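The structure appears right after this line, and notes come after that.
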Amino acid sequence: MGTVSILDGLERKLITDSLDAGRRADGRALDEPRKITIETGTIPKAEGSARVRLGKTEVVTGVKVNPSTPFPDTGDKGALICTAEIAPLAHPDAETGPPSEGVIELARVVDRGIRESHMIDMSKLVIQRDVSVVGVFADNAVLDDCGNLFDACSYASCAAILDAKMPTWEMVDGAPKMVEGASSELPISTIPVSVTMGRIGRHIIVDPDATEWMCMDARITITTNSDGNICALQKGGREGFSFEQLASCADTAIAVGAKIRSTIESSKQRS
Amino acid sequence: MGGRESDLVLLNSDGIRCDGRKIDEPRRISIKAGVLNNANGSAYIEFGDNKILAGVFGPRDVHPKHQSDSNTGILRVRYHMQPYSVPERKRPAPSRREIEISKVIKEALLPAVILESFPRTAVDVYIEILQADGGSRCAALDVAAVALADAGIPMRDMVSACAAGKVADTIVLDINNEEDQAGQADMPIAVMPNSGQITLLQLDGILSTSEYKKCIETGLVGCKLVYELQKKALKERYFGGQGS
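Protein sequence lines correspond, in order, to chains E and X. Residue numbering for the first sequence follows the numbering used here, starting at 1 and increasing by one per position. Residue numbering for the second sequence follows the numbering used here, starting at 1001 and increasing by one per position.
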């Protein structure tokens, strides 16, 4: 009863022993993410949506596109907000009520990856300068928490944004009015892909699952854009990384990220 | 009821409703049990355009402690809508409507759940509305009851829910979103199908006494249909579709 996230000492030994032998407990290579499946258009009432499974972790993301009032200093740009929550049915330890610091970090890391990559050309989301702009809200709901929510939410957000249809608005009497039957895709300039790696002892593993996540000494999430440049990064965990480890993590994030990017892109072509 | 002016034809001269159904025909319903990895029990329902997931945890320790009861276990229910579940983005924090619905769903489930065997514990039922259509509280209750059974929580009976209502002066089964907005009455009903006890009943709108009785009878027919689908989902989960 009570919390179930107690890592058995034996399980940690199993994980470290197999890493020492060059394999992971579930048979994956160290730089191999779990299977990614992406379905788009799962929530027809949202302008864009995606259901993403990363191994057993599952996220549903919806994108709402609404007119909104611009921030006073950015009246020439649209607004982007990514949120994330762990639904209480996702894990016995997930709770209702205000988000924990871990969940706030999750939402901010996902938001930053998309925002800093300039995935959406915000200058094209202006209805009337300084008066009304288009707001894009990507709300991530983690429905099954089996490790590495950073990447699952970030892939789901990307796929849902790519899936989104943006209505057209025109200003009538100082207020935006939707033009019936006119919609377009969001102005996309790049596809950011995050790759989260964990360090267990001297080993670096890509996409840790729930058990590996509990054994990690440190973790790092690196987001790269379509040009293969790094656009966002977040380090977490109790311990650190050496410079050499960080350099190799970046190479891994670019190489692994490129494959995942084509998975995300093909989710769009299928729909 | 909204009673809003609209040029939508809710019921045509052939007795066909705005979504093509007959007056006694429910929307398409499918239920699957055992869909989550971490919950003790779970289920997913599609009820018309509603898409709803339920997860059950427990019996487990009660936090905060003061809620615990030394004579019985307690049931806690959270009905929560995702911001993208409705046309206009819903703010993520629970609204007054969601708090009320959580309470009526809890009270509809309580008579069926044998909590006395688990004093000082809580059973938590979490319901996430991924997409909302008319009748989401009934669909949420249906999927929550299946998730409780899937979790192996001892129950006296299933709880099955379906709404009935009044549209174009006619009592119809299972009203959809358009009928809810433009119709004359909406009555969600939940029943324990074997005991016949009605554990949830609400009404928005005006009905005569005879319409009121007709409405309950119509709703109970829908509950019976739902009950068969709930049993089917559990049989598929535990017997792979055999023994049905």
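Even for Gly, the Cβ is constructed at its ideal location relative to N, Cα and C. None of the values given here were measured: they were computed from a predicted structure.
- Residue 146 (chain E) reaches chain X at 1037 and 1038, counting residues in chain order whose Cβ is nearer than 8 Å.
- Judged by pairs of C-beta atoms under 8 Å, the region 243-251 of chain E does not touch the region 1008-1024 of chain X, as fewer than three such pairs exist.
- Listed in chain order, the positions of the region 136-162 of chain E with a beta carbon within less than 8 Å of a beta carbon of chain X are 137, 139, 141, 143, 144, 145 and 146.
- For the alpha helix (DSSP H) assignment, the region 1012-1046 of chain X encloses no uninterrupted run of at least 4 residues.
- Residues of the region 86-118 of chain E with a C-beta atom less than 7 Å from some C-beta of chain X are 87, 88, 89, 90, 91, 92 and 96, listed in chain order.
- At a beta-carbon threshold of 9 Å, the residues of chain X lying near residue 62 (chain E) are 1082, 1083, 1084, 1085, 1089, 1130 and 1131, ordered along the chain.
- Secondary structure within the region 82-150 of chain E: the alpha helix (DSSP H) runs of 4 or more consecutive residues, fully enclosed, are 101-116 (chain order).
- Between residue 1232 (chain X) and residue 121 (chain E), the alpha-carbon positions lie close to 49 Å from each other.
- For residue 1153 (chain X), the secondary structure class from DSSP, reduced to helix, strand or coil, is coil.
- When C-beta distances to chain E are compared with 9 Å, the residues of the region 1099-1124 of chain X below that value are 1121 and 1124, in chain order.
- DSSP places residue 233 (chain E) within a strand segment (E or B) once states are collapsed to three.
- Secondary structure note for residue 20 (chain E): it is in no beta strand (DSSP E), and the uninterrupted alpha helix (DSSP H) holding it is 9-20.
- Residue pairing by DSSP leaves residue 189 (chain E) without any beta bridge partner.
- Taking the C-beta atoms as reference points, residue 48 (chain E) is found no nearer than 9 Å to residue 191 (chain E).
- For residue 1060 (chain X), the nearest beta carbon of chain E is closer than 9 Å to its own beta carbon.
- Under the DSSP definition of a beta bridge, residue 1060 (chain X) partners with X:1122.
- Under the Cβ distance rule, residue 56 (chain E) counts among the residues neighbouring chain X, one pair being separated by less than 9 Å.
- Cα atoms of residue 1044 (chain X) and residue 1140 (chain X): separation of roughly 9 Å, rounded to the nearest angstrom.
- In the structure shown, residue 69 (chain E) adopts coil according to DSSP, grouped into three states.
- A straight line joining the alpha-carbon of residue 1064 (chain X) with that of residue 1143 (chain X) spans about 26 Å.
- Closest in C-alpha terms to residue 1184 (chain X), from the list X:1108, X:1164, X:1237 and X:1201, comes X:1164.
- Cβ atoms of residue 1171 (chain X) and residue 1214 (chain X) come within 8 Å of each other, at about 5 Å.
- With contacts defined as CB atoms closer than 9 Å, residue 1112 (chain X) and residue 1199 (chain X) qualify as a contacting pair.
- Within chain E, no C-beta atom comes nearer than 9 Å to that of residue 1141 (chain X); the closest sits roughly 15 Å away.
- Of E:80, E:78 and E:100, the smallest CA-CA separation from residue 86 (chain E) is found for E:100.
- For residue 1126 (chain X), a Cβ of chain E is located within less than 9 Å of the residue's own Cβ.
- For residue 1055 (chain X), at least one C-beta of chain E is nearer than 9 Å to its own C-beta.
- Excluding five sequence positions before and after residue 138 (chain E), the CB atoms of its chain that fall closer than 7 Å to its own CB belong to 61, 63, 82, 157, 160 and 161, given in chain order.
- At a cut-off of 9 Å between beta-carbon atoms, residue 250 (chain E) makes no contact with chain X.
- Scanning its chain for C-beta atoms nearer than 8 Å, with the 5 sequence neighbours on each side dropped, one finds around residue 245 (chain E) the residues 199 and 204, in chain order.
- By the C-beta density criterion, residue 172 (chain E) is exposed, having fewer than 16 other C-beta atoms within 10 angstroms.
- DSSP, reduced to helix, strand and coil, places residue 1131 (chain X) within a strand of the structure shown.
- In this structure, residue 231 (chain E) lies away from residue 91 (chain E), with their beta-carbon atoms at least 9 Å apart.
- Within 10 angstroms of the beta-carbon of residue 1188 (chain X) lie 16 or more other beta-carbons, which makes it buried.
- When Cβ-Cβ separations below 9 Å define contact, residue 1028 (chain X) makes no contact with chain E.
- Counting the other CB atoms within 10 Å of its CB gives residue 229 (chain E) a total below 16, which places it among the exposed residues.
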